[in-house]
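Undergrad:
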Amino acid sequence: MRKLINDPADVVTDALRGLAAAHPSLRVDPENRTIVRTDTAGSGKVALVSGGGSGHEPLHGGFVGYGMLDAAAPGEVFTSPVPDQILAATTAVHGGAGVLHVVKNYTGDVLNFRMAAELAEDEDIEVATVVVNDDVAVEDSTFTAGRRGTGATLFVEKIAGARAEEGADLAAVAEVAREVNERSRSFGVALSPCTVPAAGRPTFELGENEMELGIGIHGEPGRERATIRPAAEIVDVALTAIDADMPLAGEELLVLVNGMGGTPLIEQYIAFAAVSDWLAGHGATIGRSLVGPYVTSLEMAGCMVSVCRLTPELARLWDAPVETPALRWGR
Amino acid sequence: MSGGPARPETLDAAMITAWIRHTAELVAADAERLTRLDAAIGDGDHGLNLDRGFTAAVAALPGEPDPPGRTLITAGRALVSKTGGASGPLYGTALRRAGKAFGDATEVDAALLGRALRAAVDGVQELGQAAEGDKTMVDALAPAAAAYETALAAGGDLPSCVRAAAEAAGKGAEATVPMTARKGRASYLGARSAGHLDPGAASTVLILRALADVVGEAAG
Chain S
1 MRKLINDPAD
11 VVTDALRGLA
21 AAHPSLRVDP
31 ENRTIVRTDT
41 AGSGKVALVS
51 GGGSGHEPLH
61 GGFVGYGMLD
71 AAAPGEVFTS
81 PVPDQILAAT
91 TAVHGGAGVL
101 HVVKNYTGDV
111 LNFRMAAELA
121 EDEDIEVATV
131 VVNDDVAVED
141 STFTAGRRGT
151 GATLFVEKIA
161 GARAEEGADL
171 AAVAEVAREV
181 NERSRSFGVA
191 LSPCTVPAAG
201 RPTFELGENE
211 MELGIGIHGE
221 PGRERATIRP
231 AAEIVDVALT
241 AIDADMPLAG
251 EELLVLVNGM
261 GGTPLIEQYI
271 AFAAVSDWLA
281 GHGATIGRSL
291 VGPYVTSLEM
301 AGCMVSVCRL
311 TPELARLWDA
321 PVETPALRWG
331 R
Chain F
1 MSGGPARPET
11 LDAAMITAWI
21 RHTAELVAAD
31 AERLTRLDAA
41 IGDGDHGLNL
51 DRGFTAAVAA
61 LPGEPDPPGR
71 TLITAGRALV
81 SKTGGASGPL
91 YGTALRRAGK
101 AFGDATEVDA
111 ALLGRALRAA
121 VDGVQELGQA
131 AEGDKTMVDA
141 LAPAAAAYET
151 ALAAGGDLPS
161 CVRAAAEAAG
171 KGAEATVPMT
181 ARKGRASYLG
191 ARSAGHLDPG
201 AASTVLILRA
211 LADVVGEAAG
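Each protein sequence line maps, in turn, to chains S and F.
Per the UniProt record's numbering, the very first residue in the first sequence carries number 1; after that it's consecutive.
Per the UniProt record's numbering, the very first residue in the second sequence carries number 1; after that it's consecutive.
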């Protein structure tokens with residue numbers, strides 16, 4: 001296993017120590033495993049808490065700060081955090097106005113956040129929950145656990161975070177979070193698998209000329225294996241799947257081309273060029289955009305395309321100032 | 001009954017504690033296999049997570065055995081707070097519900113254990129929203145509870161009921177191989193999940209086998 005680690009058992013702890021050392025604006029509690037914003041204590045604003053497995057950096061700890069999350073609870077690699085941890089994060093940032101939990105739709109995340117919300121309510125903390133489920137690769141029916149939460153998690157956290165920063169109440173923050181989720185879709189492609197440090201072997205194997213279409217963010221195989229194609233054709237598969245689910249023609253879009261952790265920026269920009277061409281050819285416009293590794297799967301190669309149909313209000317909230325380790329503008 | 005070693009008619013606090021410890025041993029011994037099963041259709045961490053969870057459950061056990069119900073609730077709470085993933089809340093809930101069903105009893109007889117198993121199945125189904133045939137731990141756990149009840153109704157004693165449950169869990173787990181997953185992370189693979197043993201069902205087998213082993217040893 002060729003990884004820059006000390007011990008597979010200490011991966012999350014050591015990474016948290018580094019995060020704390022690099023970003024004095026965050027308070028990292030290694031015991032409870034929480035990452036908390038230090039500048040909002042007693043502000044009385046609605047607090048946003050998210051979390052999930054580690055290995056998706058900068059999600060979620062890298063999005064803790066002004067205009068976005070108040071706290072994050074990182075679990076073990078690709079494993080949801082436990083209720084105690086989520087409760088510790090919730091309690092640490094509750095300022096009296098309630099807490100929004102942003103949860104990706106994975107069974108473990110949903111169950112652990114639900115248990116944590118119950119524990120928080122026992123302590124008279126009002127909790128609202130938004131479950132992000134933007135991934136069109138999963139058939140959404142009563143026969144699955146539902147669509148996964150992937151790239152749109154960033155959209156939800158940024159826009160709802162901006163709304164909370166303005167002083168909106170919990171119901172209003174939760175409402176805009178759900179609106180962003182409903183207007184967002186994603187599709188991911190893996191060009192290589194990744195290796196969970198504690199397991200020490202790749203999560204799946206790909207032949208020299210193979211790729212996985214319709215992946216999530218946990219190194220799990222996708223819906224279908226295919227022969228590697230040029231970037232423009234891969235983007236066409238992704239956007240065709242998204243467009244079939246949520247027609248894009250005539251829409252102004254927020255677009256994220258997200259690197260999965262092992263793909264260089266030059267290739268992500270090649271993908272973005274293809275996205276731009278595809279959308280222009282299908283009557284949609286790019287209103288706002290973001291390119292980079294924001295919701296990763298360790299060292300997996302490949303990319304995910306996420307889009308959100310903007311409204312003027314959502315665009316305004318996207319543009320609002322943000323100051324976190326991984327996302328920063330306007331301030 | 002004449003001749004041979006006495007067969008236990010009840011589980012006491014020491015045996016419940018032994019069950020949790022033995023489950024932790026079986027999970028640790030099988031962690032690699034569980035993780036490999038999970039890598040095929042999930043993200044490959046089930047064995048690692050469950051090993052961490054049951055290690056915590058053993059560490060949480062009291063020095064002097066509490067009543068059986070209290071012990072299971074303590075172990076279940078530890079599983080919830082240390083395991084992560086879906087298996088933590090699900091197995092933690094199973095043990096806590098079983099523990100609540102035991103109430104204050106200091107000796108758990110065959111009928112009470114049957115009610116606790118049923119409570120565990122109900123708790124897991126309620127939380128996970130999975131039914132039999134969804135390719136989850138329910139496919140091992142529900143047949144185990146049903147086989148236990150059948151054996152009990154036929155006049156079986158505690159060891160034979162537990163053995164029936166463990167065997168049914170094993171068969172139930174094997175039956176998940178051809179299924180298409182409809183819950184949990186494996187469901188994202190759709191038809192590609194068929195042909196693989198469900199890791200959650202496989203770990204449920206270990207928990208029931210551990211109970212059968214503990215009861216069997218007590219029977220000599």
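Ideal Cβ positions, reconstructed from N, Cα and C, are used throughout, including at glycine.
In this text the structure is predicted, and so the values were computed from the model without any measurement.
Starting from the N-terminal side, write out each stretch of the beta strand (DSSP E) that is 3 residues or longer and does not extend beyond the stretch 255-328 of chain S.
TA: The stretch 255-328 of chain S contains these whole beta strand (DSSP E) runs: 285-292, 302-309.
Undergrad: Please state if the CB of G302(S) and the CB of T263(S) are separated by a distance shorter than 8 angstroms.
TA: The answer is yes: Cβ separation under 8 angstroms.
Undergrad: Any C-beta of chain S within less than 8 angstroms: which residues of the stretch 89-122 of chain F qualify?
TA: Result list: P89, L90.
Undergrad: Would you mind telling me which residues of chain F sit closer than 7 angstroms to G75(S), beta carbon to beta carbon, in chain order?
TA: What G75(S) touches in chain F: G84.
Undergrad: CA-CA distance, V36(S) and T106(F)?
TA: C-alpha separation (whole angstroms): 45 angstroms.
Undergrad: Select from L26(S), V180(S), E139(S) the residue whose C-alpha is nearest the C-alpha of R185(F).
TA: Ranking L26(S), V180(S), E139(S) by Cα distance to R185(F) puts E139(S) first.
Undergrad: Is it buried or exposed, R331(S), if we count other Cβ atoms within 10 angstroms and call 16 or more buried?
TA: With fewer than 16 Cβ atoms within 10 Å of its Cβ, R331(S) is classed as exposed.
Undergrad: Measure the C-alpha to C-alpha separation of M1(F) and A219(F) and round it to an integer number of angstroms.
TA: Only weak support is given to the placement of M1(F): the predicted model assigns it a pLDDT of 47, under 50, and the value that follows is read from those uncertain coordinates. If I take the Cα positions, the gap works out to 13 angstroms.
Undergrad: Does DSSP put A20(S) in a helix, a strand or coil?
TA: Note: A20(S) maps to helix in three-state DSSP.
Undergrad: Chain S beta carbons: is any one of them nearer than 8 angstroms to that of L72(F)?
TA: No, because no Cβ of chain S sits closer than 8 angstroms to the Cβ of L72(F).
Undergrad: What residue does the beta strand (DSSP E) around L48(S) start on, and which one ends it?
TA: 47-54 is the span of the beta strand (DSSP E), which, as asked, contains L48(S).
Undergrad: In chain S, which residues lie with their C-beta within 8 angstroms of the C-beta of A154(F)?
TA: Near A154(F) there are no residues of chain S at all, since even the closest Cβ is about 36 angstroms away, more than 8 angstroms.
Undergrad: If you compare alpha carbons, which of I41(F), E9(F), T35(F), T23(F) is closest to T176(F)?
TA: Measuring from the Cα of T176(F), the nearest candidate turns out to be I41(F).
Undergrad: For L34(F) and R33(S), I'd like the C-alpha separation in whole angstroms.
TA: So the two alpha carbons sit approximately 26 angstroms from each other.
Undergrad: Answer with yes or no whether the minimum CB distance from G195(F) to chain C is below 8 angstroms.
TA: Structure shown: chain C not included; protein chains present are S and F.
Undergrad: Can you name the residues that DSSP bridges to L135(S)?
TA: Rather than Leu, the amino acid found at residue 135(S) in this sequence is Asp. Paired residue(s): S186(S).
Undergrad: Measuring CA to CA, which of G51(S), A92(S), K3(S) is closest to R27(S)?
TA: Ranking the options by Cα distance to R27(S), first place goes to A92(S).
Undergrad: Please classify I217(S) as buried or exposed, where buried requires at least 16 neighbouring CB atoms within 10 angstroms.
TA: When all chains shown are included, I217(S) counts as buried.
Undergrad: Of all the options G65(S), L4(S), T90(S), M115(S), which has the alpha carbon lying nearest to the alpha carbon of G85(F)?
TA: Nearest C-alpha to G85(F): M115(S).
Undergrad: Terminal residues of the continuous alpha helix (DSSP H) containing R33(F)?
TA: Here the alpha helix (DSSP H) through R33(F) covers 13-41.
Undergrad: Looking at the secondary structure, which residues open and close the alpha helix (DSSP H) in which V121(F) lies?
TA: Run containing V121(F): 110-128, per the alpha helix (DSSP H) assignment.
Undergrad: With DSSP as the reference, please indicate the residues paired to E212(S) in a beta bridge.
TA: Beta-bridge pairing links E212(S) to A190(S), R225(S).
Undergrad: Could you check whether the Cβ of S2(F) sits closer than 8 angstroms to any Cβ belonging to chain S?
TA: Confidence at S2(F) is low in this model, with a pLDDT of 46, below 50, so its placement is unreliable and no value can be given for it.
Undergrad: Just to confirm before moving on: does the CB-CB distance between R163(S) and L69(S) stay below 8 angstroms?
TA: Contact: no.
Undergrad: Let me make sure I understand the geometry here. Which of A165(F), G76(F), T83(F), P67(F) has the alpha-carbon closest to that of V108(F)?
TA: Closest option to V108(F), Cα to Cα, is P67(F).
Undergrad: Identify every residue that forms a DSSP beta bridge with D29(S).
TA: Answer is T34(S).
Undergrad: Check E123(S) in the structure and name its three-state DSSP category.
TA: In the structure shown, E123(S) sits in coil (DSSP, three-state: anything other than H, G, I, E or B).
Undergrad: Whose CA, out of A172(S), A284(S), L253(S), S192(S), lies closest to the CA of V127(S)?
TA: It is A172(S) whose Cα lies nearest to the Cα of V127(S).
Undergrad: What do you get for K3(S), buried or exposed, if any count of 16 or more other CB atoms within 10 angstroms of its CB means buried?
TA: K3(S) should be labelled exposed.
Undergrad: Pull up the CB-CB distance for N112(S) and V82(S), whole angstroms please, since I reckon it's below 8 angstroms.
TA: Yes, they are in contact, since the Cβ atoms of N112(S) and V82(S) sit about 6 angstroms apart, within 8 angstroms.
Undergrad: In chain order, what residues of the stretch 142-153 of chain S put their CB closer than 7 angstroms to some CB of chain F?
TA: Those residues of the stretch 142-153 of chain S that come within reach of chain F (Cβ to Cβ, closer than 7 angstroms) are F143, T144, A145, R148.
Undergrad: Is it buried or exposed, P312(S), if we count other Cβ atoms within 10 angstroms and call 16 or more buried?
TA: It is exposed - the Cβ of P312(S) has fewer than 16 other Cβ atoms within 10 Å.
Undergrad: Cβ closer than 8 angstroms: which chain F residues qualify as neighbours of E126(S)?
TA: Those within 8 angstroms of E126(S) in chain F number zero; the least Cβ separation is about 22 angstroms.
Undergrad: CB-CB under 7 angstroms to D213(F), same chain, minus the five flanking residues each way: which ones, in chain order?
TA: Counting only Cβ-Cβ distances below 7 angstroms, and skipping sequence neighbours, we find H22.
Undergrad: Would you call the stretch 166-185 of chain S and the stretch 97-113 of chain S touching, i.e. three or more CB-CB distances under 8 angstroms?
TA: Output reads yes: the stretch 97-113 of chain S touches the stretch 166-185 of chain S.
Undergrad: Could you give the distance in angstroms between the alpha-carbon of I242(S) and the alpha-carbon of D319(S)?
TA: Between I242(S) and D319(S), the C-alpha separation is close to 24 angstroms.
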